[in-house]
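Residue numbers (the UniProt record's numbering): 1 to 154.
The following block contains the structure:
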C-alpha cells in the first residue's frame, strides 16, 4: 500500500499530479494508482535502492475499450520491466455483472544506479491516434548504498 507519510503531492489544475516517494529502506515497493481518467497525467518520483522490486497496480476497465501499456520503457541498465505485457486482474464481481474494471499490474526491478523514466498510458489503442490518453509517469532514482552517516549514496 502507498504510505502517504512518505509522499509529497502537488496538483496543477487537475492536469498533473506529482507524487514524490522515498523507499530507500525497502526491498519491495507496491503502489496502487487509482482512477487516472479524472486527470490527464500523474507523475511519481520514486527513490529506491538497487535490487528493489517495484510493483504498480493501475486501475483500468478494458470493457470501455481502454487499456494500460508501457509506452516509454525505462533505461534497462537502471530499471528493468519484468513483463512485456501487464497482468490484468479483474475486480471481484457477481457473475451476471458486465462492465466492471480491475487493475493492470506492472513490475519493475531496480538494477543499476541512475535516474530513468517510464510512462504507462491508458488509451484506446485501436483509435489512431488515440483521442484521449491518460499518463502515469514514473521517474525512478536508483541509489546504491549507505554512507557512514546512514544516508544513501548514489
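Glycine included, C-beta positions come from ideal geometry on N, C-alpha and C.
Please read all numbers here as calculations on a predicted model, not as lab measurements.
Identity of the residues DSSP links to residue i by a beta bridge
i, result
"residue 40", "Residue 40 is not bridged to any residue."
"residue 76", "Note: residue 76 sits in no beta bridge, so no partner."
"residue 53", "28 and 109"
"residue 81", "108"
"residue 60", "102"
"residue 67", "123"
N- and C-terminal bounds of the beta strand (DSSP E) containing residue i
i, result
"residue 90", "87-90"
"residue 104", "102-110"
"residue 139", "133-143"
"residue 118", "114-123"
"residue 29", "28-33"
Assumed close pair residue i, residue j - CB separation to whole angstroms, cut-off 8 angstroms
i, j, result
"residue 102", "residue 90", "4 angstroms"
"residue 85", "residue 116", "Actually they are not in contact, since the Cβ atoms of residue 85 and residue 116 sit about 20 angstroms apart, beyond 8 angstroms."
"residue 93", "residue 57", "Contact flag wrong, Cβ pair sits at about 17 angstroms."
"residue 110", "residue 55", "That belief does not hold up - the Cβ atoms of residue 110 and residue 55 are roughly 12 angstroms apart, past 8 angstroms."
Local Cβ density within 10 Å of residue i, reported as buried at 16 or more and exposed below that
i, result
"residue 126", "exposed"
"residue 19", "buried"
"residue 28", "exposed"
"residue 141", "buried"
"residue 11", "With a pLDDT of only 47 at residue 11, under the threshold of 50, the placement of this residue in the model should not be trusted, and no figure is reported."
"residue 131", "exposed"
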